Each structure stands twice: as structure tokens, then as C-alpha cells.
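Q: So for the sequence shown, the working numbering puts the first residue at 497; every next one is plus one.
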Amino acid sequence: MSGMGEGFTKPLTTTRDFIEIFRRAISGEKTSMETETLRTRNFRLAIDPKADLPIWLAAINDRMLRLAGAIADGVFLTWCPPSEVQRKLEIVRSGAVAVGRDPSEIEVVLSFWGFEGGAEDVSLVRERCRRSVLAYAMVPTHRAAFIQAFPTLGEAAAAWEVGDREKALGFTGDDVLDSMCAVGPPGVVSDRVGKYLDAGVDLPIVFVVGPGHSGSEPALETMRSTAKALRLMPD
Numbered sequence: 497m498s499g500m501g502e503g504f505t506k507p508l509t510t511t512r513d514f515i516e517i518f519r520r521a522i523s524g525e526k527t528s529m530e531t532e533t534l535r536t537r538n539f540r541l542a543i544d545p546k547a548d549l550p551i552w553l554a555a556i557n558d559r560m561l562r563l564a565g566a567i568a569d570g571v572f573l574t575w576c577p578p579s580e581v582q583r584k585l586e587i588v589r590s591g592a593v594a595v596g597r598d599p600s601e602i603e604v605v606l607s608f609w610g611f612e613g614g615a616e617d618v619s620l621v622r623e624r625c626r627r628s629v630l631a632y633a634m635v636p637t638h639r640a641a642f643i644q645a646f647p648t649l650g651e652a653a654a655a656w657e658v659g660d661r662e663k664a665l666g667f668t669g670d671d672v673l674d675s676m677c678a679v680g681p682p683g684v685v686s687d688r689v690g691k692y693l694d695a696g697v698d699l700p701i702v703f704v705v706g707p708g709h710s711g712s713e714p715a716l717e718t719m720r721s722t723a724k725a726l727r728l729m730p731d
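1) DSSP three-state label for Met634, please.
2) Mind checking which residues open and close the beta strand (DSSP E) that includes Arg562?
3) Take Leu563 and list the residues in its own chain whose beta-carbon comes closer than 8 Å to its own, dropping the five residues that flank it on each side.
4) Between the segment 617-630 and the segment 580-595, are three or more C-beta pairs nearer than 8 Å?
5) Taking the straight line between their C-alpha atoms, what separation do you get for Asp558 and Lys663?
6) Tell me, to the nearest whole angstrom, how far the beta carbon of Pro700 is from that of Gly613; I am working on the premise that it is less than 8 Å.
7) Relative to the alpha-carbon of Gly524, which residue among Gly711, Leu716, Leu534, Phe539 has its alpha-carbon at the smallest distance?
8) Hey, how far is the Cα of Ile522 from the Cα of Leu726?
9) Going by other Cβ atoms of all chains shown within 10 Å of its Cβ, with 16 needed for buried, is Ala566 buried or exposed?
10) Flag this pair as touching only if the segment 646-658 and the segment 602-609 have three or more C-beta atom pairs under 8 Å; answer yes or no.
11) With Thr574 as the anchor, note down where its beta strand (DSSP E) starts and where it stops.
12) Please look up how many angstroms separate the CB atoms of Ala568 and Ile551, rounded, as I've assumed it's under 8 Å.
13) CB-CB under 7 Å to Pro545, same chain, minus the five flanking residues each way: which ones, in chain order?
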């Protein structure tokens, strides 16, 4: 937030205030509001959405999950293994119930990184994803969300904080990678989609990661094979 000219002292209050303003703006209303953290003066969107747009709130930590249940039309989960979905949804539902909302009306969206292919490409993508998992887990505000799936998080963080990135990477084991990402032989991505659906996710979204060579074709092949496995396109 500091890089965008905003402080990061009251993330929950700022998010709540922003959604209140944004919801009015996308309804076509001219907004003049002053909240604890934000202010608008005669603000109106330059475009007319011409639809009742749902607001999804991205959340990984407990307080933001609870806020999503209280004020958003949907919750957007990320860096969340299938085994963690139900626990997080219980928090979302508690936020909804606390303000008299029906939890079943809140859409559950989740994104994860995935790739499937031959052994050489899979090996390359796994290492790319391992570094990304580590980098996200090292963000101070994200760490709590990784504790359950990252048993060596403390050791990795200690190495990271003294600048030893490779040592930190060594603590990011295959178990951590596989809990967060679906990277492997054909079928691994569609299998993960199924696990998320079974866990209560309404809309799983795959962020396809390629090996970095041969252009976009390896990633496109992952999309095709996954779509076929999920019967989203003909054989």
C-alpha cells in the first residue's frame, strides 16, 4: 500500500470503507463520502456497468475472511490448500451470520497455480513455483496463512531475514509446493479442481504457469488437457 501512496495501518477499516464507496459507485451513484480512512467528492464512474456487479473480497487471514462474510458478495481465496478450505469457509460464514446474512449466498472463488506436462517441463515449473510460494510466504502479512501447510516456515523465515534466499528455498519442501500448487503429469490440474469443488469452492481458477521456453504452447496444452478432463471441451 505504501507504494501506492496509502498507509497500511488500518487494512480492515480501509477495506470496509472502500467497498462501501465502490458499491455505491458501481450502482451509478455519484458519491460524496468521508469515512475514517477515505474521502470522495462528487465521484462518479466514467462508465456504466449496466449490470449488478458482485464484489469479491480477496482474503487469506482470519479477520479479512470474516469481513468478506460480512460485507462482500463473494470471497476470493488464494494460497489455500484443499485441506484448508473448510476451515476458512467457517470463518467466512461466521462473519455472515454475525450481521444476519445467509452464508449460502456468498460465492466462493479460489485461485491456484497449475501446470501439467512432461517430466522436464514439470521439473522447471515446480522450481519456478517453489520460489513463488516462498516469496509469498515471506510477506509478513501473509505468513499466518501459510503456517498449516508450511511446517518449516519458521526456519525459512529466519534464513530469508538474514538474506540467505537459497537456504530459505531449501526449507520449502515438495510437501509445501504440492499443497499450494498443482504441478505434475497430465491430470494433476483437473484433479485439484475436483478437490476444490468437493471442499466447497464454487469457482476454482487456475493460474497456468509455463516452463519459460517454447512460448505459450506448454501452458496452452495444460489448458486444453484440463478442459478435456473436466469435459469443458470436446475430445
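The C-beta atom is built at its ideal place from N, Cα and C for all residues, glycine as well. Computed from a predicted model, the values in this text were never measured in an experiment.
A: The short version:
1) coil
2) Where Arg562 is concerned, there is no enclosing beta strand (DSSP E), although the alpha helix (DSSP H) it sits in stretches over 558-567.
3) Leu508, Thr511, Arg512, Leu553, Ala555, Gly591
4) no
5) 29 Å
6) Wrong, their Cβ atoms sit about 20 Å apart, outside the cutoff.
7) Phe539
8) 34 Å
9) buried
10) no
11) 570-574
12) 5 Å
13) Ile522
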